[in-house]
Amino acid sequence: MTDFSLIETLRWQPGDGFIRLRLHLARLSRSARRLGFPQPIEAAAKLEDAVAGSAGPLRIRLTFDAQGRIEVTSAAFVPLAPETVWTARIAETRLDSSDRLLRHKTTRRAVYETARAEYAPDEADEVILLNERGEVCEGTITSVVLDDGTGMLRTPPISCGLLAGVLRTELICARKARVGRLTLADLDAGTLYIGNSLRGLIRANLVRS
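Going by the numbering used here, the residue at position 167 of the sequence shown is 167; the numbering climbs one at a time, nothing skipped.
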């Protein structure tokens with residue numbers, strides 16, 4: 001029996017509705033198909049029900065299990081200021097590039113929680129994980145994006161062992177980013193960004209201890 005659920009975390013804005021809704025639903029459907037879950041045909045309706053009558057920005061979390069059950073929770077959301085810079089650090093914990101479940105957003109998050117626990121909240125806003133080959137993969141809640149000065153952002157391929165993030169997908173589809181393997185040396189030489197669909201792209205300062 002499957003011991004995990006699929007997750008989508010979305011941002012809802014008054015007047016704009018759900019941000020990147022089409023990409024979120026497409027990812028949920030694709031993951032359900034590849035993992036043998038039923039199709040989440042009621043997901044869009046459940047999301048709309050969750051925000052009915054809301055007046056302020058919301059963080060919406062949808063879970064979908066192998067039996068087809070959908071749960072949606074909401075919480076008030078405060079966007080980051082545009083000039084925000086996060087402190088990022090590198091985890092000792094490693095991802096396994098052969099674990100194909102890492103390509104899907106699920107409730108199985110032990111490896112990310114272990115990596116996050118390596119640093120106190122005041123030491124790092126985000127912690128970046130590498131794989132067994134030392135290639136850069138992703139943050140515990142974000143995709144990694146690098147400005148390497150070529151005019152197009154670069155983000156690791158999912159074959160390195162990482163989630164196909166919705167913001168990452170949007171950047172690639174809009175030809176603002178290309179897929180390419182990254183090393184720590186690359187991060188040191190370029191301008192680092194991390195981000196997700198909820199918070200957008202965030203400038204990051206990588207601290208190497």
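Backbone N, C-alpha and C fix where the C-beta goes; we use that ideal spot for every residue, glycine too.
Source: prediction; values computed, not measured.
Are residue i and residue j closer than 8 Å when you measure CB to CB?
i, j, result
"Tyr-193", "Val-145", "yes"
"Ala-88", "Ala-124", "yes"
"Arg-103", "Leu-163", "yes"
"Ile-60", "Leu-80", "no"
"Leu-187", "Leu-167", "no"
"Trp-12", "Val-51", "yes"
"Gly-17", "Pro-38", "no"
"Val-78", "Ala-204", "no"
"Gly-180", "Arg-154", "yes"
"Ala-43", "Ile-7", "no"
"Asn-131", "Leu-95", "yes"
"Arg-178", "Met-152", "yes"
"Asp-270", "Gly-190", "In the structure as shown, the chain begins at 1 and stops at 209. Residue 270 is therefore absent and cannot be evaluated."
"Asp-99", "Gly-161", "yes"
"Thr-140", "Ala-66", "no"
"Glu-92", "Glu-118", "yes"
"Ala-32", "Gly-56", "no"
"Ser-159", "Ser-97", "yes"
Starting from residue i, trace the beta strand (DSSP E) in both directions and tell me its first and last residue.
i, result
"Arg-178", "177 to 179"
"Ser-74", "70 to 76"
"Thr-87", "85 to 95"
"Leu-206", "200 to 206"
"Phe-64", "58 to 64"
"Glu-8", "6 to 13"
According to DSSP, is residue i helix, strand or coil?
i, result
"Thr-169", "helix"
"Glu-48", "helix"
For residue i, which of the options has the nearest alpha-carbon?
i, options, result
"Thr-107", "Phe-64, Arg-33, Gly-17, Gly-139", "Phe-64"
"Ser-5", "Val-111, Ala-76, Pro-40, Arg-178", "Pro-40"
"Gly-165", "Asp-3, Asn-131, Thr-2, Arg-20", "Arg-20"
"Tyr-112", "Glu-83, Ser-143, Val-85", "Ser-143"
"Leu-171", "Pro-156, Asp-3, Leu-182", "Pro-156"
"Leu-62", "Ser-54, Thr-9, Gly-190, Pro-82", "Thr-9"
"Gly-53", "Pro-14, Arg-30, Ile-90", "Pro-14"
"Thr-183", "Lys-105, Ile-90, Asn-196, Arg-175", "Ile-90"
"His-24", "Leu-198, Lys-176, Leu-129, Pro-82", "Leu-198"
"Asn-196", "Thr-150, Ala-185, Thr-169", "Thr-169"
"Ala-26", "Lys-176, Gly-149, Leu-58, Lys-105", "Lys-105"
Alpha helix (DSSP H) containing residue i: first to last residue?
i, result
"Leu-25", "21 to 35"
"Leu-184", "184 to 189"
The ligand FMN heavy atoms versus the CB of residue i: any closer than 7 Å?
i, result
"Trp-86", "You won't find the ligand FMN in this model; it holds no ligand whatsoever."
Return no unless some Cβ of chain D is closer than 8 Å to the Cβ of residue i.
i, result
"Ser-54", "Reference to chain D is not applicable here, since this structure consists of a single protein chain."
Worksheet item: What are the complete alpha helix (DSSP H) segments, minimum 4 residues, inside the region 100 to 166?
Response: Fully enclosed alpha helix (DSSP H) runs of no fewer than 4 residues occupy 110 to 116 of the region 100 to 166, in order along the chain.
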